[in-house]
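Here is the structure we will look at, set down as structure tokens.
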Amino acid sequence: MSDLSNNDTPENPIAVPSREIEWAAIRTHRNQLLRDTDFTQLADFPVTEAQLAEIKAYRQALRDIPETDAESSRLLWPVLPDFIK
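Residue numbers (the working numbering): 309 to 393.
Structure representation (structure tokens):
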């Protein structure tokens, strides 16, 4: 058992997720957001042409996430169109 009196810091720093793990979590979240809007792509979904273009742009922005920035901390998530909320 180590003695950490006097507010000494432990020898082993807190684990930081690797870049691959961070991006895997981002892709998982991105895939869930895409699944959440899959219904908007059905032929019988009541939507105007403008709304359809908006949701398609949103979904494409989600698909482009891994290529938009090499740094996960600078990632900007696209905003879900208001008519879907």
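Backbone N, C-alpha and C define an ideal beta-carbon position, used for all residues, glycine too.
Exercise. Ordered along the chain, which non-local residues of its own chain (more than five positions away) have a Cβ less than 6 angstroms from that of Ala358?
Worked result: Apart from the 5 residues on each side of it in sequence, Ala358 has no Cβ closer than 6 angstroms to any other Cβ in its chain.
Exercise. At which residues does the alpha helix (DSSP H) containing Thr336 begin and terminate?
Worked result: Unbroken alpha helix (DSSP H) run through Thr336: 327-344.
Exercise. Could you give the distance in angstroms between the alpha-carbon of Trp331 and the alpha-carbon of Pro374?
Worked result: Rounded to the nearest whole angstrom, the C-alpha separation of Trp331 and Pro374 is 8 angstroms.
For this session: Take the Cβ of Arg338 as the centre, count every other Cβ of all protein chains shown within 10 Å, and call the residue buried at 16 or more, exposed below.
Result: The residue in question, Arg338, is buried, as its Cβ has 16 or more Cβ neighbours within 10 Å.
For this session: Measure how close the beta-carbons of Ile363 and Thr336 come, nearest whole angstrom, since I'm counting them as under 8 angstroms.
Result: The pair is not a contact, with the Cβ atoms about 21 angstroms apart (cut-off 8 angstroms).
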